[in-house]
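Here the structure is laid out as structure tokens; the discussion comes afterwards.
Residue numbers (my numbering), protein chains in the order written: chain A, 1 to 330; chain B, 1001 to 1330; chain C, 2001 to 2267; chain D, 3001 to 3267.
Right, dumping it as structure tokens:
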């Protein structure tokens, strides 16, 4: 099985599956009350220089209250798995990112990310390594499996592969070239869910993105949840548990934790707020003013929500409720 | 990435992922009513010499009504992925198996399978290739991913690997030896579920074994379901769909389809019936008498259930109901 | 709703006005047959899929990267993971399941965009300029490379000009036919896959069966062939007969404006 | 229930009678600490886990191969996928998730059985005799090879005699220390893993830290060391001090008989 090609991108986080095993062995398996605030979770579990990842995607079920707290606490030199929209823009806007495994960083319908442009074109993001969306998710999947790599048929033949840290080998079964992706083990994973219990068991409604894979690929895992519910909810429906408690280090109760993004069946996205950022993000100064107002100007997520206003939040709830009704009554 | 070791077992079903792609492309994507009887499903979709697999495990959510029909129709020379208990015993007892990828074939608490012993020790099963339980599931997972192999850390250093068709290579990322398992693509997969719609969308309650992986690893897929429910059930809760309709070729409504095995939350296993088989299976003649009575002696699953008797079936329901009540009221 | 579904495209009496985005949407929608699978991103493909479902393809199976399969597109998602992408869907899973489904050969059509395209349909959405000293850092592959690798037939939707239609893209983010015939297979990509169409504001283009180079198949309504050439930065092959697309019909425009995008988020 | 949980093992006043299966169960149960993860198969490990939960380890996290994590063992499953294996569990997933969790290093203990064991703890559950001309075809690896590969510490539970404790197993189904020190790591198995204990009707055995060969640690109540040797088909190392296990307590036997296996399916 010869190596035909090796991507020239830096392997930012090497797939040390044996060290990951030792780490996982040491994690407590007892049922411990892990509830804490965003401030405590971030200060206890995230350090300068950590390799972090967020799930799902900037404006959908995204741990925004945790991201805002990372910015607020001044955590920096972060290395980041960059499948992101709004959440990575916050970190980039404040210059907190040193290295990126990048697949897509942009504003979807609103186009390219000016924060990404400024940080990468200026060289302040020192390292960029290219991947496809599925490649990043598959790298988590490899880590979640506990193996150092995973074979896929994406990226072959392209510059995306050339500027990645993937390898192409000859398959020992078919003889065809196949791409091997290195496992991506996160120092810290951040996932927002619909509900969790105090120990960290978590449920997600609707699509699950790459939550199962990323949760299992994280050395430290911070869960924020719209709602903290009783352990009984899980024991009665164990097949709904997507993240079991022993993976989790912190449980943060964060209603509207994905704002201004959406949380399916709970609230829709806050388009006005998103547009405010899209406009603000165009220039360094206006971007900084946005951060000053919405992150530095408040001391926690509760104050942030107060600034958004109950009326607006109710409105976002109501619109999601309407979608849900339509779902069940065609 | 050099090949350090190659198992000497036969690769019964080569991992031709490109042919699998062509097959999947041709499968209909339209919403078609796929309901049919066991007899029609088996005669339309299973042929002599096919490579088949069943999920979950002999006495738990196992497609017994389909297996009985395979025996009844005289389908033979089967190649089988052998993670099994009761279901494989039926096929082995009647001499229908030519080749086995075997991980575990036995009667769990009741010990070794005499049918397996007779068929393998006599050489009537011509080919045996060894794997671990997870290895078989992972081989389905590789096929479900659409890649020809998957790396794992099972089987290394053992005779299980030596008599398998796995390969050991040097990992190009860590330098350590790692085991590669070839994808296992089934000609026919057989899965019993709690409920399905007429198109083949399916839900499973409780553990899902390897249903998601095997469904996606099957060229033809026959689903039997305790209950056929409306498509609306799926559209309202799309996150509960474990098998989407386009994978499915046949939907067979089969209440007590796992009998004498259990179906969690619906009925418990029929211990008396299982013990009857355990005793019968000890000798060729008594095993054949069992088949004559319970498979050849009836013309379909409905008649089989009538032979078991409504009283006994009600009893199995009732005992499961009690378990479910205990689940929700600790 | 049923009576609004058509399987034919009628030219309306009189002249209709429509904007370039509406034209792209209607042209793309017509390329989506009923009862097939299509890997849909946000933006124009999403609108086109919704329009197709309401016109000729009620059972078009939409597939969204982050987990939605078979959604009924009642509303327009602004995010590829939004509730609309699995609204009344048959399944809501995750990205690995979806892309693996494509990798297994289940997804017929995939829709793509990009900043640059070359004669072999290779697409760039990563950087303009040198990779190490980029003039413009673009968002990156996202799902594009996956779609371009695994779907049987990909359809690129782009505005056409010489900056975008170039002899050589600055960065091959997503594989088209790479360097030409046989190159995809040699690289290990699944046989039989590759670019199928490019839909632009000026034309619909395909690929030559042997050379795998881009071919002009049809012009958009009222666009002369010369205008297509003038806006292409490489030598364009031309089909024996170049069709002229029929303009969007009144029915298409009505459904697009009143149902598909009633809040005018895109059009 | 709470008052029946003990963290100590008291020797009862007077002499109790118990059968060999009960002894194996009680001995294995004592090896399971609270708040750890244990990969459980059906049969004796299952009964031992249930007993441990009701005695000293109420938060023993049971893990069952086909998907159950953290079940409360109220009833005894006769199948490794039965409802009892995920009854009031924290999660019910599938085999890949469970074994990958072990592969990631989350499972501390794994329980194993087999027809033969050798001095390095290698286990055979595949064939007796030559593989190609088997005298007895056994069920095969099942989950055993996975448990023996990935769990940090494995505990084999077996009846002890010279047919079972052999110098060389007919087939290495499940890896122990293979050919000795360093062999697991050289084969690519995760460092730091391997056999920990063997629980038999005659003794509890461990492994020498350097040589990785089996060591007699303790005899079962009333069993002379000579009887252990006489039932071992290879040279057995002996710990400096060989303990004698305390017999099952009245409390253990009561819970085992009246709660764990009240229908006497196993005992």
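Think of the CB as a built atom: it goes at the ideal place given N, C-alpha and C, for glycine as much as any other residue.
Only a predicted model underlies this, so the values are computations on that prediction, with no experimental measurement involved.
Rounded to a whole number of angstroms, what is the C-alpha to C-alpha distance between residue 2247/C and residue 118/A? Straight-line Cα distance between these residues: approximately 41 Å.
Between residue 3100/D and chain A, is the shortest Cβ-Cβ distance under 7 Å, so that the two count as touching? Yes - at least one Cβ of chain A is within 7 Å of the one on residue 3100/D.
Give the interface partners of residue 1214/B over in chain C, defined as CB-CB distance under 7 Å, in chain order. Ordered by position in chain C, no residue passes the 7 Å Cβ test against residue 1214/B, which lies about 13 Å from the chain.
Going by other Cβ atoms of all chains shown within 10 Å of its Cβ, with 16 needed for buried, is residue 1322/B buried or exposed? Residue 1322/B comes out exposed.
Give the single residue among 1305/B, 1187/B, 1068/B and 1009/B whose Cα lies nearest to the Cα of residue 1214/B. Residue 1214/B has its Cα closest to that of 1187/B, out of 1305/B, 1187/B, 1068/B and 1009/B.
Among residues of its own chain, excluding the 5 on either side of residue 305/A, which ones have a beta-carbon nearer than 8 Å to its beta-carbon? Contacts found: 255, 256, 259 and 313.
Extent of the continuous beta strand (DSSP E) run through residue 3212/D: Where residue 3212/D is concerned, there is no enclosing beta strand (DSSP E), given that its DSSP letter is neither H nor E.
So residue 1180/B contacts chain A; which residues on that side make the cut at Cβ distance below 7 Å? Annotation: Cβ neighbours of residue 1180/B in chain A (cutoff 7 Å, chain order): 172.
Is it buried or exposed, residue 2163/C, if we count other Cβ atoms within 10 angstroms and call 16 or more buried? It is exposed - the Cβ of residue 2163/C has fewer than 16 other Cβ atoms within 10 Å.
Give a yes or no on whether the minimum CB-CB distance between residue 1148/B and chain D is below 7 Å. With its beta carbon at least 7 Å from every one in chain D, residue 1148/B lies outside the interface.
Extent of the continuous beta strand (DSSP E) to which residue 3037/D belongs: Run containing residue 3037/D: 3037-3040, per the beta strand (DSSP E) assignment.
Take residue 1093/B and list the residues in its own chain whose beta-carbon comes closer than 7 Å to its own, dropping the five residues that flank it on each side. The residues are 1115, 1281, 1287 and 1291.
Give me the Cα-Cα distance between residue 76/A and residue 43/A, rounded to the nearest whole angstrom. Residue 76/A and residue 43/A: Cα-Cα distance of roughly 12 Å.
Counterpart residues of residue 3111/D in DSSP-defined beta bridges: Beta-bridge annotation (DSSP): residue 3111/D is paired with 3155/D.
Any idea if residue 3003/D is buried or exposed, counting beta-carbon neighbours within 10 angstroms, 16 or more meaning buried? Confidence at residue 3003/D is low in this model, with a pLDDT of 32, below 50, so the placement of that residue should be treated as unreliable; the coordinate-derived value is given next. Exposed, by the Cβ-count rule.
Could you tell me the boundaries of the alpha helix (DSSP H) in which residue 1121/B lies? Under the DSSP assignment, residue 1121/B falls in the alpha helix (DSSP H) whose first and last residues are 1114-1121.
Just to confirm before moving on: does the CB-CB distance between residue 3195/D and residue 3143/D stay below 7 Å? Using a Cβ distance threshold of 7 Å, residue 3195/D and residue 3143/D do not count as a contacting pair.
For residue 1229/B, tell me which candidate among 1200/B, 1248/B, 1250/B and 1160/B has the shortest Cα-Cα distance. When 1200/B, 1248/B, 1250/B and 1160/B are compared, the shortest CA-CA separation from residue 1229/B is found for 1200/B.
7 Å Cβ cutoff, residue 2088/C in contact with chain B: Judged by the 7 Å Cβ criterion, residue 2088/C is in contact with chain B.
What's the call for residue 2132/C, buried or exposed, on a 16-neighbour Cβ count within 10 Å? Counting the other CB atoms within 10 Å of its CB gives residue 2132/C a total below 16, which places it among the exposed residues.
Contacts around residue 2176/C, its chain only, beta-carbon distance under 6 Å, and the 5 residues preceding and following it disregarded: Result list for residue 2176/C: 2120, 2121, 2122 and 2195, in chain order.
Residue 1195/B classed as buried or exposed, judged by whether at least 16 other C-beta atoms fall within 10 angstroms: With 16 or more Cβ atoms within 10 Å of its Cβ, residue 1195/B is classed as buried.
Name the one or two DSSP bridge partners that residue 247/A has. Beta-bridge pairing links residue 247/A to no other residue.
Using the C-alpha atoms, what's the distance from residue 1248/B back to residue 2138/C? Straight-line measurement puts the Cα of residue 1248/B at about 41 Å from the Cα of residue 2138/C.
Any chance you could list the alpha helix (DSSP H) runs of at least 4 consecutive residues sitting entirely within the region 1079-1149 of chain B, in chain order? Listed in chain order, they are 1086-1093, 1114-1121 and 1133-1145.
For a quick check, are the C-beta atoms of residue 949/B and residue 2105/C less than 7 Å apart? Here chain B has residues from 1001 to 1330 only, and residue 949/B is not among them.
For residue 2035/C, which option in 2062/C, 2237/C, 2224/C and 2045/C has the closest C-alpha, if you only look at C-alpha atoms? Answer by Cα proximity: 2062/C.
Of the residues 3204/D, 3237/D and 3066/D, the one placed nearest residue 3221/D, counting alpha carbons only: Ranked by how close their Cα comes to the Cα of residue 3221/D, the residues 3204/D, 3237/D and 3066/D have 3204/D in first place.
Of the choices 1326/B, 1125/B and 1091/B, whose alpha-carbon is the least far from that of residue 1073/B? By alpha-carbon distance to residue 1073/B, the top candidate from 1326/B, 1125/B and 1091/B is 1091/B.
Assuming residue 1192/B is part of the alpha helix (DSSP H), what are its boundary residues? No alpha helix (DSSP H) holds residue 1192/B; the beta strand (DSSP E) holding it covers 1186-1196.
Taking residue 79/A as the reference, give the member of 237/A, 189/A, 106/A and 34/A with the closest Cα. Cα-wise, what sits closest to residue 79/A is 189/A.
Using a Cβ-Cβ cutoff of 7 Å, what residues of the region 228-252 of chain A are near chain D? List them in chain order. For the region 228-252 of chain A, which is checked against every Cβ of chain D, the residues closer than 7 Å are 234, 235, 238, 239, 241, 244, 245 and 246.
Checking contacts by CB at 7 Å: is residue 2059/C closer than that to chain B? Output row for residue 2059/C: interface = yes.
I need the DSSP call for residue 3257/D, collapsed to helix, strand or coil. Helix.
Interface residues of the region 1049-1081 of chain B facing chain C [CB-CB below 7 Å]: Going along the region 1049-1081 of chain B in chain order, one finds no residue with a Cβ nearer than 7 Å to chain C.
Chain A contact for residue 3103/D (CB, 7 Å cutoff): It does; some Cβ of chain A falls within 7 Å.
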